[in-house]
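Student:
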Amino acid sequence: MGRSRMRRNLLWLIRMRPNRLIPVLCKNHRKRAWDRSLRARCPNGPSWFIFALLPSWLLYPLSRNMVQYAEDRGEGHGLLALAAAAFLVSFGPGLFLLLVNGNITMQQHNDMMFWPPSQLADFLLGMTTAALVRRYKGTRLKGLADLSMLLVLLVVFLLPRPPQTYEMHLNGWEPLLDHGLAPLLAAFILGSCVEEDPGWSGRLLAHPALVSLGDLSFQVYIFQRPMHDTIGLLLSTEEMDVFMAYMVSLWLFAGIYKVFVEDLVDARIKLWAPRSEPQAVPREQEYGLLSRSSAPERA
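Dropping the structure here:
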């Protein structure tokens, strides 16, 4: 009986439209969870950041309609305009605060990083980039991927940190880089996916060693903070030998977790899911299907 009730509740959630589901979620939890947690230090930033993407996933049907509308009305130019608007919404407020006040407070830092609606624009930018890749598949955009990656490296390594961030660890600087580099990362994806030759940057990132590390990147992102703090209780992670031991242990733990926990849970979920649901595309076919698709109409 309990299992039947749980299934009914799940079906109710699945059948609800997004515009009905969002108020239900926000009514009881917005003030108690989101707003209150923003006023305190988050013990595990990566896990909270993943939770901050929840509204983006729930609003995916609405965002997809926006992308489709922009492409129907303006074709390729409409998608580019939507991408530019998403970037302005994402990066504009933080840049305005920096220019007006000269610094960004920790509260503003959290608002731009961990407040769930702050990630909606970047999520929409990613969706628009995927639509542009599908639309312009086969178009020659020579050098776009390499130029975008070079600009990202120059910003990360050469752009000086504001003096206001010295007292606190990257206070305000981290969300500015996250939002500000989004169009360059989108340009890299576009340039490396639409051409047969992805450029030197695409070939470098396609190296099997880097690809194998990328398969564990999400698990490493989630577990980095708990493992760092756990080791820090016993040893100083400021020492190089301790930090290297932490890094090796982190990647080993991430690999063990993925193989013996995550993959097994994923397999059980797929068995539990209804047989009538469409199956996910195998990993090795994700990009092959796109490359074999017919040439799209150009703007």
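All letters in the sequence shown, in the order written, are residues 328 to 626 by the numbering used here. Just so you know, even glycine gets a beta-carbon here, dropped at the ideal spot from N, CA and C.
Restricting to Cα atoms, I'd like to know which of 551, 402, 544 and 390 is closest to residue 447.
Tutor: Checking every option, the nearest Cα to that of residue 447 belongs to 390.
Student: Around the Cβ of residue 487, are there at least 16 other Cβ atoms within 10 angstroms (buried) or fewer (exposed)?
Tutor: The residue is exposed, with fewer than 16 neighbouring Cβ atoms inside 10 Å.
Student: Mind pulling the alpha helix (DSSP H) runs of 4 or more residues that sit fully within the segment 373 to 441?
Tutor: 381 to 385, 387 to 428 and 433 to 440, all fully within the segment 373 to 441.
Student: Rounded to whole angstroms, what is the Cα-Cα separation between residue 546 and residue 582?
Tutor: Their Cα atoms are separated by approximately 8 Å.
Student: Do the CB positions of residue 473 and residue 527 come within less than 8 Å of each other?
Tutor: Yes; because the gap between Cβ atoms is below 8 Å, this pair is in contact.
Student: Please classify residue 395 as buried or exposed, where buried requires at least 16 neighbouring CB atoms within 10 angstroms.
Tutor: The residue in question, residue 395, is exposed, as its Cβ has fewer than 16 Cβ neighbours within 10 Å.
Student: Which residue comes first and which comes last in the alpha helix (DSSP H) that contains residue 484?
Tutor: 471 to 485 is the span of the alpha helix (DSSP H), which, as asked, contains residue 484.
Student: What does the alpha-carbon distance come out to for the pair residue 433 and residue 515?
Tutor: Roughly 31 Å between the two C-alpha positions.
Student: Assuming residue 375 contacts residue 441 under a Cβ cut-off of 8 Å, what Cβ separation, rounded to an integer in Å, is found between them?
Tutor: At roughly 5 Å, the Cβ-Cβ gap stays under 8 Å, so residue 375 and residue 441 are in contact.
Student: Roughly how far, in whole angstroms, is the beta-carbon of residue 443 from the beta-carbon of residue 379, given that I think they are within contact range, below 8 Å?
Tutor: Rounded, the Cβ-Cβ distance is 5 Å, consistent with contact.
Student: Within this structure, are the beta carbons of residue 397 and residue 386 separated by less than 8 Å?
Tutor: It is not a contact, given that the beta carbons lie outside the stated cut-off.
Student: Locate the alpha helix (DSSP H) running through residue 548, then write down its first and last residues.
Tutor: Start and end: 544 to 559.
Student: Excluding sequence positions up to five away, which residues of its chain have a Cβ less than 6 Å from the Cβ of residue 562?
Tutor: Excluding sequence neighbours, residue 562 sits near 569.
Student: Using the beta-carbon count (16 or more within 10 Å), is residue 431 buried or exposed?
Tutor: So residue 431 counts as buried.
Student: Tell me which residues share the same chain as residue 578 and place their Cβ nearer than 7 Å to its Cβ, disregarding the 5 neighbours each side in the sequence.
Tutor: If we look at residue 578 and ignore the five residues flanking it on each side, its Cβ neighbours are 543 and 547.
Student: Are the Cβ atoms of residue 587 and residue 550 separated by less than 8 Å?
Tutor: No. Outside cutoff.
Student: Within 10 angstroms of its Cβ, does residue 449 collect 16 or more other Cβ (buried), or is it exposed?
Tutor: Buried is the call here.
Student: Between residue 452 and residue 475, is the Cβ-Cβ spacing less than 8 Å?
Tutor: No, the Cβ-Cβ distance between residue 452 and residue 475 is not below 8 Å.
Student: Just to confirm, are residue 529 and residue 471 a CB contact at a threshold of 8 Å?
Tutor: Result no, Cβ atoms of residue 529 and residue 471 do not sit closer than 8 Å.
Student: For residue 565, which residues in the same chain have their Cβ closer than 8 Å to its Cβ, ignoring the five residues on either side in sequence?
Tutor: The answer is none, since no qualifying residue turns up.
Student: What do you get for residue 593, buried or exposed, if any count of 16 or more other CB atoms within 10 angstroms of its CB means buried?
Tutor: So residue 593 counts as exposed.
Student: Given residue 439, which residues of its chain have a CB within under 6 Å of its CB, disregarding the five upstream and five downstream residues?
Tutor: Hits under 6 Å: 421, 445 and 502.
Student: Taking the alpha-carbon positions, what's the residue 393 to residue 468 distance?
Tutor: Going from the Cα of residue 393 to the Cα of residue 468 covers about 26 Å.
Student: Just curious, the alpha helix (DSSP H) that residue 510 is in, first and last residue?
Tutor: Unbroken alpha helix (DSSP H) run through residue 510: 509 to 521.
Student: If you measure between the beta carbons of residue 510 and residue 414, is that distance less than 8 Å?
Tutor: Yes, Cβ-Cβ distance for residue 510 and residue 414 is below 8 Å.
Student: Identify, in the order they occur along the chain, each residue of the same chain with its Cβ nearer than 6 Å to the Cβ of residue 505, setting aside the five sequence neighbours on each side.
Tutor: No residues qualify anywhere along the chain.
Student: Report buried or exposed for residue 382, applying the criterion of at least 16 other Cβ atoms within 10 angstroms of its Cβ.
Tutor: Residue 382 comes out buried.
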